[in-house]
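Numbering (this note's numbering), first residue to last: 641 to 1053.
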């Protein structure tokens, strides 16, 4: 059967239209425009890994965080907690992290998967909130972030111990809390000081022994039996320039392990630097150790790998490598097969739409004050609030007197 050239073109155009009308979230794609409704939907291709890594040995999963690129305009949609099987296999989305605010005074981005506690199933994230780093617990069921620490650019290292339900941490000293905090801790009631003034960039403990690395490249041993001891009581084990740029630090009952842009290194706990062993030479971003002799790590190239600790020749296995092709993904807050449904209001930033639910006829998340209602009574601080001392659904109620200065309303009580 023969077809005219015009008929063939019409059939080709029809098939293209049908394809674009059916493609939606979770459909395979290689280009944003295959997803049918760009920019409400885009092709989530190469994964931008966020620093940090977690491990759940019971489920056999390595946990990472990241945000996918669209094919045309860079990072798109929510960042996600994702998982890769410890033996390798397909990457899976575990859940979205719904805390980011892309613009305005409430700007918030996910900086790091700070720690994952598998027994308690607690996910600690570090956020950049308006330029200030904060660490807290993210609840995927409620999409709620509970701030625990505001570190004010003070390096914070924490050794979590789920079995003892305690943490050992550093903040211009080495301290212990006798519980694992999920909200701002009460230091006065529970804090014990081990060492004063010390500022490590890596911290771990084995029994009563403390091990730490420092920004000077020195590695030390201390004791949990020490009470407010001076830092000079710490025992210097060895020095290694790799310690100045550490990206991870952990211990086993026999060895300490530390990573840097130059690889992962192993030294006996006794500190015999002549027995130092390089396990890998990758540019390592984060690592975590298992109970059965493996280290899982991420690289600056966006890979997830494992390395065995046994034997003279460590075996490295690549578990995941980010690829360009991907699946169609909805923009923030959008739902439906073609990502066209927004149950709320749409805000725009850098060419991307964001859908947020309405609370009292105002967006639950805002970028700028004009999005919240009449000015100057409504203010945006990541969410819509009333200007100081004003109340009411429209923020115009003042229990005192209203005075004006340079176009700003001031409620004086």
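Backbone N, C-alpha and C fix where the C-beta goes; we use that ideal spot for every residue, glycine too. Remember, predicted model here, so these are calculated numbers, not experimental data.
Between the options, which lies nearest to residue i when the distance is taken from Cα to Cα?
| i | options | result |
| --- | --- | --- |
| residue 1015 | 929, 1029, 1006 and 1034 | 1034 |
| residue 681 | 668, 927, 692 and 851 | 668 |
| residue 846 | 811, 891 and 866 | 891 |
| residue 884 | 816, 852 and 697 | 852 |
| residue 923 | 899, 1042, 798 and 1004 | 899 |
| residue 719 | 732, 1007, 737 and 1024 | 737 |
| residue 849 | 711, 1041, 841 and 909 | 909 |
| residue 895 | 857, 875 and 929 | 929 |
| residue 931 | 698, 969 and 857 | 698 |
| residue 786 | 753, 823 and 689 | 823 |
| residue 617 | 915, 780, 750 and 689 | Given a span of 641 to 1053 for the chain in the structure shown, any question on residue 617 remains unanswerable. |
| residue 854 | 907, 882 and 831 | 882 |
| residue 775 | 788, 967 and 711 | 788 |
| residue 940 | 672, 666 and 691 | 691 |
| residue 734 | 748, 685 and 779 | 779 |
| residue 990 | 715, 670 and 694 | 715 |
| residue 857 | 837, 889, 879 and 773 | 879 |
| residue 710 | 672, 825, 695 and 694 | 672 |
Quick check on the DSSP output: the beta strand (DSSP E) that includes residue i runs from which residue to which?
| i | result |
| --- | --- |
| residue 895 | 895-900 |
| residue 959 | 956-961 |
| residue 906 | 903-908 |
| residue 841 | 840-846 |
| residue 698 | Where residue 698 is concerned, there is no enclosing beta strand (DSSP E), given that its DSSP letter is neither H nor E. |
| residue 740 | Where residue 740 is concerned, there is no enclosing beta strand (DSSP E), given that its DSSP letter is neither H nor E. |
| residue 937 | 934-939 |
| residue 1041 | 1041-1045 |
| residue 1048 | 1048-1052 |
| residue 836 | 831-836 |
| residue 889 | 888-891 |
| residue 719 | From DSSP, residue 719 is part of no beta strand (DSSP E); its letter is neither H nor E. |
| residue 729 | Careful: residue 729 lies outside any beta strand (DSSP E) and carries neither H nor E. |
| residue 1056 | Look at the range of the chain in this structure, 641 to 1053, and you will see that residue 1056 is not part of it. |
| residue 851 | 849-854 |
Here's a check: name, in chain order, each residue in its chain whose Cβ is nearer than 7 Å to the Cβ of residue i, leaving out the five neighbours to either side.
| i | result |
| --- | --- |
| residue 759 | 802 |
| residue 866 | 834, 835 and 873 |
| residue 1053 | 1029, 1039 and 1040 |
| residue 797 | 809, 810, 840, 841, 842 and 843 |
| residue 800 | 755, 757, 807 and 820 |
| residue 1002 | 1012, 1013 and 1024 |
| residue 1043 | 1050 and 1052 |
| residue 791 | 773 and 775 |
Which residues in the same chain as residue i place their Cβ atom closer than 8 Å to its Cβ, once the five residues preceding and following it in sequence are excluded?
| i | result |
| --- | --- |
| residue 700 | 725, 726 and 727 |
| residue 974 | 680, 681, 980, 981, 982, 993 and 995 |
| residue 805 | 818, 819 and 820 |
| residue 794 | 811 and 812 |
| residue 958 | 728, 943, 944 and 945 |
Under 6 Å Cβ to Cβ from residue i, same chain only, skipping five residues before and after it: list those, please.
| i | result |
| --- | --- |
| residue 687 | 706, 708 and 962 |
| residue 1006 | 1012, 1020 and 1024 |
| residue 1037 | 1031 |
| residue 949 | 933 |
| residue 947 | 919, 920, 935, 954 and 956 |
When the Cα atoms are used, what is the spatial distance from residue i to residue j?
| i | j | result |
| --- | --- | --- |
| residue 998 | residue 1004 | 6 Å |
| residue 1048 | residue 744 | 19 Å |
| residue 971 | residue 960 | 25 Å |
| residue 916 | residue 907 | 5 Å |
| residue 703 | residue 893 | 24 Å |
| residue 761 | residue 753 | 14 Å |
| residue 689 | residue 1046 | 46 Å |
| residue 927 | residue 886 | 11 Å |
| residue 764 | residue 869 | 30 Å |
Do we get a CB-CB distance below 8 Å when we pair residue i with the residues of chain D?
| i | result |
| --- | --- |
| residue 989 | The structure shown contains no chain D; it is built from a single protein chain. |
Q: Tell me the start and end of each unbroken alpha helix (DSSP H) in the stretch 756-805 that is at least 4 residues and wholly inside, in chain order.
A: none
Q: Tell me the start and end of each unbroken beta strand (DSSP E) in the stretch 861-885 that is at least 3 residues and wholly inside, in chain order.
A: 875-879
Q | Start-end ranges of the beta strand (DSSP E) lying completely within the stretch 948-1027, minimum 3 residues | A | 956-961, 966-970, 985-989, 992-996, 1018-1020 and 1024-1026
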